[in-house]
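Numbering (this note's numbering), first residue to last: 52 to 216.
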């Protein structure tokens with residue numbers, strides 16, 4: 052269980068559609084150069100979250116888990132790319148470094164499932180989303196922004212999603 056601070060945001064989803072909708076709201080705020088790191092066990096909603104994120108960002112490409120191919124790419128009409136990486140099968144930090152992750156998030160948006168497996172090679176500034184299976188239909192998401200850019204994005208996300216000042 053995550054320890055919540057004033058910068059973290061918790062969201063409980065009661066369906067896959069609700070998970071997609073909340074991720075769509077976040078997707079509308081992501082921009083090239085961002086790194087979104089998803090962590091959590093199998094079945095915790097990571098790929099469903101990326102589906103919503105991609106739609107909100109503006110891609111009409113179908114999103115699927117890149118477990119066996121490592122990386123999927125989704126494009127917007129303006130040519131920007133969202134890279135969707137599954138780090139589950141990456142054995143060590145050397146393999147992760149060979150993927151040239153820095154180039155991906157410098158020239159697009161990089162979303163990583165199982166990001167905790169390669170955390171040591173990732174930059175500190177990122178948005179971490181902890182995904183947790185609660186029950187058949189329920190998932191828990193804890194958003195942890197690391198860096199001013201991500202904190203600002205999460206402030207806007209909270210206001211748009213939950214109201215308030």
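Just so you know, even glycine gets a beta-carbon here, dropped at the ideal spot from N, CA and C.
Asked, Found
"Inter-residue CB distance, residue 135 and residue 83 (contact presumed, cutoff 8 Å)", "Not really, about 15 Å apart at Cβ, beyond 8 Å."
"Three-state secondary structure assigned by DSSP to residue 114", "coil"
"Any beta strand (DSSP E) of 3 or more consecutive residues that is wholly inside the stretch 106-182", "122-126, 132-137 and 160-164"
"Three or more C-beta pairs below 8 Å linking the stretch 198-209 and the stretch 99-117", "no"
"Bridge partner(s) assigned by DSSP for residue 217", "The requested residue 217 does not occur in the structure, where the chain is confined to residues 52 to 216."
"With 16 other Cβ atoms within 10 Å as the buried cut-off, status of residue 137", "buried"
"Range covered by the alpha helix (DSSP H) that runs through residue 197", "No alpha helix (DSSP H) contains residue 197, which is instead part of the beta strand (DSSP E) from 190-197."
"The stretch 152-166 touching the stretch 96-115, judged by at least three CB pairs closer than 8 Å", "yes"
"Distance cut-off 6 Å: residue 165 Cβ against heavy atoms of the ligand SAM", "The model on display carries no ligand, and the ligand SAM is accordingly not part of it."
"Close-in-space but distant-in-sequence residues of the same chain around residue 65 (CB under 7 Å, 5 per side omitted)", "188 and 189"
"Selection from 193, 111, 177 and 139 that minimises the alpha carbon distance to residue 157", "177"
"Coil, strand or helix - residue 59 by DSSP", "coil"
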